[in-house]
Amino acid sequence: MSVDIPLPVLSPKDFASDQEIRWCPRCGDYSILAQMKKVLPTLGIPKEKFVFVSGIGCSSRFPYYMDTYGMHSIHGRAPAIATGVKLANPDLQVWVITGDGDSLSIGGNHFMHVLRRNVDLKVIMFNNQIYGLTKGQYSPTSPTGTKTKSTPFGSVDRPLNPLSVAIGARATFVARSVDVDVKHLASILERAAHHKGSAFVEVYQDCNVFNSGAFAFASKKGEKEENVIFLEHGKPLIFGKNRDKGVRLNSHDQPEVVELGKGVTEDDLLFHDEKSEDMNLAFLLASMRYPEMPEPMGVFRAVDQPTYNEAVYQQVEAATERNGEGDLEALFNTGDTWTV
Amino acid sequence: MSTTDVSGANGKISEQLDAVVIRFCGDSGDGMQLAGTQFTNVSAVFGNDVKTLPDFPAEIRAPAGTLGGVSGFQICFSSSDIFTPGDEVDTLVAMNPAALKTNVADLKRGGTLIVNEDAFEKSNLSKAGYDSNPLDDEEALAAYQLQKVPMTSLTRDAVAELGLSPREAERCKNFFAMGLVYWLYQRDATPTEEWVKSKFAKKPELVEANLKALHAGYNYGITTEAITVHYRVDPADLPPGNYRKVTGNEALAFGFVTAAKLAGKQLFYSGYPITPASDILHELSKLKNFNVVTFQAEDEIAAITSVVGAAFAGDLAITASSGPGIALKGEGMGLAAIMELPLVVVDVQRGGPSTGLPTKTEQSDLYMCMFGRNGDCPMPLIAPATPADCFEMAQEALRIAVEFMTPVLLLSDGYIANGAEPWKIPDVSSLKPIPIVQKNTQTDGEFMPYLRNEKKTRPWVIPGTPGCEHRVGGLEKSDVTGNVNYSPENHQFMTTLRAEKIAGIADFIPEQTVEGPESGDLLVISWGGTYGAVRTAVKQSVQEGLSVAHAHIRYLNPFPKNLGDLIKRYKKVLIPELNTGQLRMIIRGTYLADAVGLNKVQGKPFLISEVKQKIREMLDEK
Ligand SMILES: Cc1ncc(C[n+]2csc(CCOP(=O)(O)OP(=O)(O)O)c2C)c(N)n1
Ligand code: SF4
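Taken in sequence, the protein lines are chains A and B.
As numbered in the working numbering, residues 1 to 340 make up the first sequence, in order.
As numbered in the working numbering, residues 341 to 962 make up the second sequence, in order.
Laid out in structure tokens, this is it:
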């Protein structure tokens, strides 16, 4: 693309496809779709350069509803497909849309590898702690004891923490938001879009049919302020309706909730550093789970590291510089040849 | 046929032969693959036709000296064109008792048996299960011309002055063996000497040691009294041109790179290591300056799906694996089929099921490749006949993929992949370019991703193209618009349409040809790597006056248009396969032909004699 041509000014409407949306009424997916349509026009990227790749699940119908290039693929494999898209054409901005079952059950392997490679993709995981499309079985993020059709006596699995998995895979951008917190969600999507490398965003998404209210603690007005902490780079961890509570490390370096005032000042609190190269702080924040602790929302980690696609093309360029552009005739004649 | 003359030097006799089969065998640490490859090279450069059959154990390091650790390499080289590495061995080089025990049955009566006498000591004998030294049993080995050569000690003496460790010194004994065989067949060692110099460029002491061992072996042939005859095999009468040696996997890599270059497209190759397909990844990884991106995926599913993504984004996209990996790729192939994206899946077959015989050859993935996807999901299927044929078929696979917007399966096998033969280097300017289907739009200007051309092919429009934004996916869709559509009539329509598109490819592939009479008593049908054995067996049977012809099928889905008519022109049909009758079932089902099978599942290719015997049997019965 030439940089001289002014880009057409796009609006959310330009990103709406003509396909009928088939999610259940009041599904959290609608909100995420709406925020996505809002964010994309602000990025200064021409419409034809966006590609949405999804797996299988309710959330994975997403690409059909976006008027961009898209692929609704097979269960769990979207990260690998998106890697192929990005490697074939690094000029594209590639988004992966996935569910908690899609990415952590069947696709756990690809999920981990795409993040550890740092392929320049944006992975948005719609976490509803349930299998929606297959009508309500427990998922790898469902709490132990979850009663579903496949677990009438309660699940005995221990759940995965998606953020810990992502941080463990050394994802260079890790964030969390909630479907109904539209401003926050939009800002996180926007930051993911601008991140160079694999960006992982977990979105708490309400499946109001099979797992209604699973994230009420983090979405209900008037309550959520007591249950979540909005992370800000360089700022102390403060929360509460009256911003009167904070998190500090105790003598065992474990996070604990303290009340501000009464001898505790902001300086005693844990300060957020999303750019920290070591992952301890991010792990610690990811380990804070409701109801024992307030759950952090926002960007856990945002570090700048070389991307996989860049490295791949650097090798192609280096090989071409060293050996010249490939010449078939020369290739065929390498090694011992003879003439008859 | 051979002629004999007495050459001047040392009064030794030089006998002229048409074709010779040599097998090097020893422990997997003895360097037998190297010896075989080098002998192949010098014979090819000399101008013989060559065919090879490497055979290695599945374990990387089976206990030294055991029967399970024996590694072999067979070469047939000839002054006329040949199609197999040969049935019987003329000269067997056995580096230890285990190698002798597992290979001697293939040595023909009167053949030359060269053994490393030093290795026939107590512990090796017992590891190979010999109660006594077989070299002392003159009766048992009386059928062969036995040459007992103390190779280990002779090699040690030859390199003594270089100050190598005893272990390093002994490791050169494969070069001693090569030298001796080079003398026996009057090979010019120069290409091997050059190879040693470049291979060990950083270790001059190893260059010298290997060359000394090579020359010591050669000189041993000249001076020893025991060996009185050496042999000459003249260059083959191949079509004029420039030649090199290729293995099937190399030729596939060359073919893919060539197609991409001719199409002006980037090549994207993704694979997960598996024997015997890994070499395709290795070869292509070296060729990045040909605008090749290679991706070692985390598993076969990621390999196929990344290729699906790359194809969507506009690359010529390829993945390869062997049986177990192809099984994992099934769902991804179905996705590519319903989205109608062009890509190539290579299956280098090995013995199955499951991990089966990982280093041995078989043809038993035909059913899986033909049918092994959920839903009604036909895919074009082609199979090269020989290592060199892989070059053309690789391009053919990509041509079909982009011309018809479909995933294509290419079936190779371990025998083709690792086997080598002379390849006539093509004139680059004579290669056919690959046409790419351009985007088309509906008259009202709105882009329709499933609008088709006369070949029923939809356009390949890649992300980044303004105004053509569209979605593809695994859900059934309407034709023309590509919108999701589950209606019963639409699914029926689309299923039929996809099947017709694939069947229609028959109009754009060559018709089936036969070697031998155009009609007659017996038609032998083969596919894949059994080409050489079947071709030779039929040729020899025709020479013996039998009414038999050979059709080797390289296009398995769709079959060539004339195949059904052709089959009807013969009274009987024989289908030899290295499986329990997979093509036979398909041919019987498709053409209602009463085909008979010759089936072998031993991890080994057919012998010519096995096929000939079956041909005789079928013609004898009334
Ligand atoms: C190979 C394969 N196995 C199983 C399925 C069935 N399946 C479809 S979606 C799904 C789980 C979806 O759950 P999640 O990823 O959490 O997405 P949601 O529907 O909740 O958005 C399953 C098991 C499938 N489509 N493919
Ligand atoms: S089942 Fe749940 S996740 Fe799926 S569309 Fe309905 S509400 Fe949304």
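C-beta: ideal position from N, C-alpha, C; glycine also.
If I'm right that residue i touches residue j with Cβ under 8 Å, what's the distance once you round it to whole angstroms?
| i | j | result |
| --- | --- | --- |
| Lys275 (chain A) | Val303 (chain A) | 6 Å |
| Ala319 (chain A) | Asn919 (chain B) | Ala319 (chain A) to Asn919 (chain B), Cβ: 40 Å. No contact. |
| Thr392 (chain B) | Gln378 (chain B) | Not confirmed; about 11 Å, so no contact. |
| Ala650 (chain B) | Leu87 (chain A) | 6 Å |
| Phe423 (chain B) | Tyr871 (chain B) | 7 Å |
| Val123 (chain A) | Ser198 (chain A) | 7 Å |
| His890 (chain B) | Gly921 (chain B) | About 18 Å separates the two Cβ atoms, so there is no contact after all. |
| Pro397 (chain B) | Ser368 (chain B) | 6 Å |
| Met518 (chain B) | Ala384 (chain B) | That belief does not hold up - the Cβ atoms of Met518 (chain B) and Ala384 (chain B) are roughly 15 Å apart, past 8 Å. |
With a CB to CB cut of under 8 Å and the five nearest residues on each side skipped, what residues in its chain are close to residue i?
| i | result |
| --- | --- |
| Ser463 (chain B) | Gly405 |
| Gly348 (chain B) | Bear in mind that the predicted position of Gly348 (chain B) carries a pLDDT of just 49, short of 50, making it unreliable; the figure below should be weighed with that in mind. No residues qualify anywhere along the chain. |
| Met1 (chain A) | Here the model assigns Met1 (chain A) a pLDDT of 47, short of 50, so the residue's position is not dependable, and the following value carries that caveat. Pro46, Lys49, Asp91, listed in sequence order. |
| Ser694 (chain B) | Pro664 |
| Gln487 (chain B) | Thr452, Leu453, Ile454, Val455, Ala566, Ile567 |
| Asn550 (chain B) | Cys512, Phe515, Val536, Phe540 |
| Val874 (chain B) | Val864, Ser866, His890, His892, Pro916, Phe946, Val951 |
Please work out which residues of its chain come closer than 6 Å, Cβ to Cβ, to residue i, disregarding the five sequence neighbours upstream and downstream, and give them in chain order.
| i | result |
| --- | --- |
| Lys176 (chain A) | The residue asked about is misnamed: residue 176 (chain A) is Arg in this sequence, not Lys. So the qualifying residues of the chain are Glu202, Met297. |
| Leu268 (chain A) | Checking the sequence, you will find Asp at residue 268 (chain A) rather than Leu. Hits under 6 Å: Arg248. |
| Leu621 (chain B) | Gly611 |
| Phe460 (chain B) | Pro437, Asn473, Leu475 |
| Asp574 (chain B) | Ser419 |
| Thr835 (chain B) | Asp716 |
| Gly154 (chain A) | Gly145, Lys147 |
| Gly70 (chain A) | Phe52, Pro63 |
Does any residue of chain A have a CB that is nearer than 8 Å to the CB of residue i?
| i | result |
| --- | --- |
| His831 (chain B) | no |
| Gly759 (chain B) | no |
| Asn582 (chain B) | yes |
| Gln653 (chain B) | Note on residue identity: the sequence assigns Ala, not Gln, to residue 653 (chain B). It does; some Cβ of chain A falls within 8 Å. |
| Ile415 (chain B) | no |
| Ala734 (chain B) | no |
| Phe396 (chain B) | no |
| Lys448 (chain B) | no |
| Pro544 (chain B) | no |
| Leu837 (chain B) | no |
| Arg713 (chain B) | no |
| His293 (chain B) | Given a span of 341 to 962 for chain B in the structure shown, any question on residue 293 (chain B) remains unanswerable. |
| Glu638 (chain B) | yes |
So is residue i in contact with chain B if we call contact Cβ pairs under 8 Å?
| i | result |
| --- | --- |
| Pro291 (chain A) | no |
| Val53 (chain A) | yes |
| Gly326 (chain A) | yes |
| Tyr138 (chain A) | no |
| Gly234 (chain A) | no |
| Glu48 (chain A) | yes |
| Phe332 (chain A) | yes |
| Tyr64 (chain A) | yes |
| Met71 (chain A) | yes |
| Trp338 (chain A) | yes |
| Leu10 (chain A) | no |
| Asp67 (chain A) | yes |
According to DSSP, residue i sits in a beta bridge with which residue or residues?
| i | result |
| --- | --- |
| Thr337 (chain A) | B:Arg584 |
| His892 (chain B) | B:Ser866 |
| Asp395 (chain B) | B:Gly412 |
| Leu133 (chain A) | DSSP, once it has assigned bridges, lists no residue as partnering Leu133 (chain A). |
| Gln93 (chain A) | A:Phe50 |
| His72 (chain A) | A:Ser54, B:Gly813 |
| Tyr912 (chain B) | Reading off the sequence, residue 912 (chain B) comes out as Lys, not Tyr. Answer by DSSP bridge pairing, in chain order: B:Leu862. |
Closer than 7 Å by C-beta to residue i: which residues in its own chain qualify, once you throw out the five before and the five after it? Chain order, please.
| i | result |
| --- | --- |
| Ala576 (chain B) | Gly387, Asn388, Asp389, Ser418, Ser419, Ser420, Asp421 |
| Thr598 (chain B) | Gln735, Leu771 |
| Val647 (chain B) | Phe608, Ser610, Ala657, Ile658, Thr659, Leu683 |
| Arg928 (chain B) | Ala935 |
*Uninterrupted alpha helix (DSSP H) stretches inside the region 705 to 771 of chain B (no shorter than 4 residues)*: 706 to 711, 729 to 744, 754 to 758
Practice prompt. Entirely within the region 180 to 234 of chain A and at least 4 residues each: give me those alpha helix (DSSP H) ranges in chain order.
Written response: 182 to 194, 216 to 219, 224 to 227
In chain order, each alpha helix (DSSP H) run of at least 4 residues that lies wholly inside the region 646 to 711 of chain B | 663 to 679, 706 to 711
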